[in-house]
Amino acid sequence: MKLTIGAPGSGKTTWVKEYKKTHPLTYIISTDEIRKELTGTSGCDPSQNSMIHDVARKRVQEILDDPANYGENQGMGPEILVDSTNDEIEEWLKYKDLKPSAMVAIVFKIDLEEAMRRQFIRGRIVPRDVVEKKWRNIEKNLKYLPCFFNMIEMIDTSSTPSFSQLV
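To convert, count from 1 in the sequence shown and add 30; that's my numbering.
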């Protein structure tokens, strides 16, 4: 299982969409998409985050529990990519508790001001205090990544590289 880890505006979803093109069998679990499904909006309401993450984990568990995902060509099981900020250690632990065959962190490094600038460009603006909080959580928690993940990929998106530079 792969978890994106990055502040809003760091390029996670853009990267995931490009990744899916070259890895079509990957299951994508997007908390933004779940938010739209459940609330009808992509707006940021922190009071809904727990419910949205519960739904995301439930979907991951359903994929992991489905025997059809462990056929001859599946190797170690289904490839699952969770597209979310995943800035909290508690979230990492909850995903690890689902017992995937491996945990991979895909960390999107970005300057705080660049993340804020991108908020305005994409039109879906997350409040500055939320972006700052998530950015600081990620910076603070980076040192704990090896405790939860078998592999860590760091992607610097501050300069907006092309997708081919990211994979």
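Glycine is no exception: its CB is placed at the ideal position from the N, C-alpha and C atoms.
8 angstroms contact criterion, which residue i and residue j should meet: CB distance rounded
i: Ile35; j: Ala145; result: Not confirmed; about 13 angstroms, so no contact.
i: Ile182; j: Val112; result: Actually they do not touch by this definition, with Cβ atoms about 15 angstroms apart.
i: Ile93; j: Tyr57; result: 5 angstroms
i: Ile64; j: Ala86; result: 6 angstroms
i: Ile140; j: Ser188; result: 5 angstroms
From the options, residue whose alpha carbon lies closest to that of residue i
i: Lys164; options: Arg87, Glu121, Gly70 and Glu63; result: Glu121
i: Met31; options: Phe179, Asp186 and Ser188; result: Phe179
i: Asp84; options: Asp96, Arg158 and Ile59; result: Ile59
i: Gly41; options: Lys88, Leu142, Cys177 and Leu68; result: Leu142
i: Leu123; options: Leu68, Leu175 and Arg148; result: Leu175
Burial state of residue i (16 or more Cβ within 10 Å)
i: Gly70; result: exposed
i: Phe150; result: exposed
i: Pro97; result: exposed
i: Pro54; result: exposed
i: Tyr125; result: buried
i: Met133; result: buried
i: Thr52; result: exposed
i: Arg158; result: exposed
i: Arg148; result: buried
i: Pro191; result: With a pLDDT of 47 at Pro191, under the threshold of 50, the predicted position of this residue should be treated as unreliable, though the coordinate-derived value follows. Pro191 comes out exposed.
Closer than 7 angstroms: residue i CB and nearest the ligand HEM heavy atom
i: Met81; result: Among the components modelled here there is no ligand, and therefore nothing to report on the ligand HEM.
Same chain only: Cβ atoms within 6 angstroms of residue i, ignoring 5 sequence neighbours per side
i: Gln91; result: Leu128
i: Pro130; result: Met31
i: Val197; result: With a pLDDT of 45 at Val197, under the threshold of 50, the modelled position of this residue cannot be trusted; read the value that follows with caution. Once the five neighbours on either side are set aside, Val197 has no close Cβ partner at all.
Proximal residues to residue i (C-beta, below 7 angstroms), its chain only, five neighbours per side dropped
i: Glu162; result: Leu142
i: Met184; result: Val137 and Lys139
i: Arg89; result: Ile59
Open item on the list: Using 8 angstroms as the cut-off, can you tell me whether the region 110-126 makes contact with the region 36-48, which would need three or more C-beta pairs spanning the two stretches below that distance?
Closed with: yes
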